[in-house]
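There are 2 protein chains.
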Amino acid sequence: MNPNDGFRELDREECLRLLSRVPIGRVVHTRHALPAVQPINFSLDADSAVVMRTSADSELAAAIDGEVIAFEADEVDAAAHSGWSVVVTGRAAMVTDPVEHGRLTRTGPRSWVASPEEVFIRVEPELVTGRQLAGGRSVYGLGLSSS
Amino acid sequence: MNPNDGFRELDREECLRLLSRVPIGRVVHTRHALPAVQPINFSLDADSAVVMRTSADSELAAAIDGEVIAFEADEVDAAAHSGWSVVVTGRAAMVTDPVEHGRLTRTGPRSWVASPEEVFIRVEPELVTGRQLAGGRSVYGLGLSSS
């Protein structure tokens, strides 16, 4: 079997570094018993948790609070056949502490759909995995580095 | 509850039209008991099935053949807070018929990592859902159309 299907596995540090470069990721969860994938803007907290912001009464908040979910982000160049993808898997939790909420209001992601009452949702980075796809040539021959 | 969290639900036709515009999507499945999300190039078949191309011995092919999976694609403008996301849910199946394989060699997606033996995987569009996010303003006020 083609090892890793032509992908180079990334270590945790590389994954988090790449993740910090993009503004959009995708929450992977279940909605009405079906797989749901929702793009959303996010930021990384100081402890590398994924932070999202949504209205307090959103369907998303209700669906994922307390659940183990996957959060994915990627950058893919279709023309060059290259890119990377990172998945953070961990438990999502609404931030209920007012001090933490205040902190994230200053440091966290902006809201896309303003609503009267917003909450932050943090996803603990319990498992962080990633892959880098090198287009067309041997992964090792491309001299890919973490920079 | 904010209806659909500020998203406008898209009908099947709109979803497939949007899906046909992008070269990359993501396979959402399970790998080593964990959620796996893998970006991959694809095309839509004449019957709107999602078509992927991979090496015959790939981990991906082994993982999803015969399984119900989700395939997601999106276009998101982080600055404008707008975009769309479509999810096709259906059973994935390796194409084994040589005539079909020949047809897809001509009409299907190109392979990113050339391998001696490649297969096509089709995902039946059993369920096609999508959402369009309008940035910051009422969805209805933006006059969004299908064009």
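Protein sequence lines correspond, in order, to chains F and H.
Count along the first sequence from 1, add 4, and you get the number used in the working numbering.
Count along the second sequence from 1, add 4, and you get the number used in the working numbering.
Ideal Cβ placement from N, Cα and C applies to all residues, glycine included.
Here the structure is a predicted model, which is why all the values come from computation and not from measurement.
Note down, in chain order, every chain H residue with its Cβ under 9 Å from the Cβ of residue i.
i	result
Ser89/F	Arg30, Val41, Gln42, Pro43
Would you mind telling me which residues of chain F sit closer than 9 Å to residue i, beta carbon to beta carbon, in chain order?
i	result
Glu71/H	Near Glu71/H there are no residues of chain F at all, since even the closest Cβ is about 12 Å away, more than 9 Å.
Ala74/H	Val32, Leu38, Pro39, Ala40, Val41
Gly112/H	Those within 9 Å of Gly112/H in chain F number zero; the least Cβ separation is about 15 Å.
Leu14/H	Here the premise fails: no neighbours, minimum Cβ distance about 14 Å.
Leu48/H	Correct list: empty, because the minimum Cβ distance to chain F is about 15 Å.
Quick one: list the residues of chain F neighbouring residue i, beta-carbon separation under 8 Å, in chain order.
i	result
Pro27/H	Ala82
Leu20/H	Chain F residues near Leu20/H: none, gap ~17 Å exceeds 8 Å.
How would you list, in chain order, the residues of chain F whose beta-carbon sits under 7 Å from the beta-carbon of residue i?
i	result
Val54/H	Ordered by position in chain F, no residue passes the 7 Å Cβ test against Val54/H, which lies about 14 Å from the chain.
Thr93/H	Leu38, Pro39
Taking all protein chains shown into account, decide if residue i is buried (16 or more other Cβ within 10 angstroms of its Cβ) or exposed.
i	result
Asp49/F	buried
Leu38/F	exposed
Pro129/H	buried
Arg114/F	exposed
Gly70/F	exposed
Glu18/F	buried
Arg110/H	exposed
Val103/H	exposed
Ala96/F	buried
Which same chain residues, not among the five before or five after residue i, have their C-beta less than 6 Å away from its C-beta?
i	result
His33/F	Ala40, Ala67, Ile68, Ile73
Thr58/H	Leu64, Ala65
Ser47/H	Val55, Gly112, Pro113
Ser24/F	Leu48
Ala60/H	Glu121, Val123
Ala118/H	none
Leu20/H	Ser52
Ser62/F	none
Less than 8 Å between the CB atoms is what I'm expecting for residue i and residue j, so what's the real figure, rounded?
i	j	result
Gly94/F	Val127/F	5 Å
Val80/F	Ile28/H	5 Å
Asp78/H	Pro120/F	The pair is not a contact, with the Cβ atoms about 27 Å apart (cut-off 8 Å).
Glu76/F	Arg30/F	5 Å
In chain H, which residues lie less than 7 Å from residue i when you measure between Cβ atoms?
i	result
His85/F	Trp116
Asp78/F	Pro43
Gly10/F	Val117
Could you pull out every residue in the same chain whose Cβ sits closer than 7 Å to the Cβ of residue i, ignoring the five residues on either side in sequence?
i	result
Arg16/H	Val132
Leu108/F	Val55, Val99, Phe124
Phe11/F	Arg135, Gln136, Leu137
Val26/H	Ala77, Glu79
Trp116/F	Asn45
Ala53/F	Arg126, Val127, Glu128, Pro129
Leaving out the 5 sequence neighbours to the left and right, which residues in its chain are closer than 8 Å to residue i when beta-carbon positions are compared?
i	result
Leu14/H	Leu22, Trp88, Val90, Thr133, Gly134, Arg135, Gln136
Using a C-beta to C-beta distance shorter than 8 Å, which residues of chain H count as neighbours of residue i?
i	result
Gly134/F	None at all; the shortest Cβ gap to chain H is about 11 Å.
Leu131/F	Leu38
Leu23/F	Ordered by position in chain H, no residue passes the 8 Å Cβ test against Leu23/F, which lies about 13 Å from the chain.
4-residue-minimum alpha helix (DSSP H) runs that sit fully inside the region 63-127 of chain H, ordered along the chain: 63-68, 102-111
Please give the ranges of any alpha helix (DSSP H) in the region 12-37 of chain F, keeping only runs that are unbroken, at least 4 residues long and fully inside the region. 16-23
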